[in-house]
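Report on one structure; see the data block that follows.
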Amino acid sequence: MPHQHTNQLINETSPYLLQHAHNPVNWYPWGDEALQKAKAENKPILVSIGYAACHWCHVMERESFEDEGTAQIMNAHFINIKIDREERPDLDHIYMDAVQAMTGSGGWPLNVFLTPDCKPFYGGTYFPPV
Numbered sequence: 003m004p005h006q007h008t009n010q011l012i013n014e015t016s017p018y019l020l021q022h023a024h025n026p027v028n029w030y031p032w033g034d035e036a037l038q039k040a041k042a043e044n045k046p047i048l049v050s051i052g053y054a055a056c057h058w059c060h061v062m063e064r065e066s067f068e069d070e071g072t073a074q075i076m077n078a079h080f081i082n083i084k085i086d087r088e089e090r091p092d093l094d095h096i097y098m099d100a101v102q103a104m105t106g107s108g109g110w111p112l113n114v115f116l117t118p119d120c121k122p123f124y125g126g127t128y129f130p131p132v
């Protein structure tokens, strides 16, 4: 049976990223394409960082990222980037430090909102569907 949605993660090798390749969220991997798109469209970036064995990452995918209404809001207002923390511990560390500085706590899934030039302005862990 064909999938209803396919996003930019379909070409990734990470099992965690591939797990999100058919979400209705228009996910991009971290890279020039997504970062340049954010600048060109002057849209904030929503970075979601997780890993394959993370229970709450799977819950958030099921409850939020597979939800059509939530995906519509995310796709309309953000450039959405999904990161596997096991592939990019450098980015995980940078954005975990930022969220901990902003909120006093952190964890996974780690969700960080960035300006189009990648400056974090808000973040948290699990966010329920809208």
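Count along the sequence shown starting at 1, add 2, and that's the number in this note's numbering. Backbone N, C-alpha and C fix where the C-beta goes; we use that ideal spot for every residue, glycine too. Quick caveat: nothing in here was measured; it's all calculated off a predicted structure.
So what does DSSP say about residue i, is it helix, strand or coil?
i: residue 44; result: coil
i: residue 16; result: coil
i: residue 77; result: helix
i: residue 27; result: coil
i: residue 108; result: coil
Beta-carbon within less than 7 angstroms of residue i's beta-carbon, same chain only, minus the 5 sequence neighbours each way: which residues are those?
i: residue 11; result: 19, 20, 22, 23, 29, 31, 84
i: residue 53; result: 18, 59, 86, 87, 88, 110
Which stretch, first to last residue, makes up the beta strand (DSSP E) that contains residue i?
i: residue 82; result: 81-86
i: residue 122; result: 122-126
i: residue 93; result: Note, residue 93: premise wrong, no beta strand (DSSP E); alpha helix (DSSP H) at 91-105.
Identify, in the order they occur along the chain, each residue of the same chain with its Cβ nearer than 8 angstroms to the Cβ of residue i, setting aside the five sequence neighbours on each side.
i: residue 41; result: 118, 119
Suppose the cutoff is 6 angstroms on Cβ atoms and the five residues either side in sequence are ignored; what does the same chain contact list for residue i look like?
i: residue 27; result: 67, 73, 76, 82
Using a Cβ-Cβ distance under 8 angstroms, would residue i count as near chain B?
i: residue 58; result: Absence of chain B from the displayed structure is noted, only one protein chain being present.
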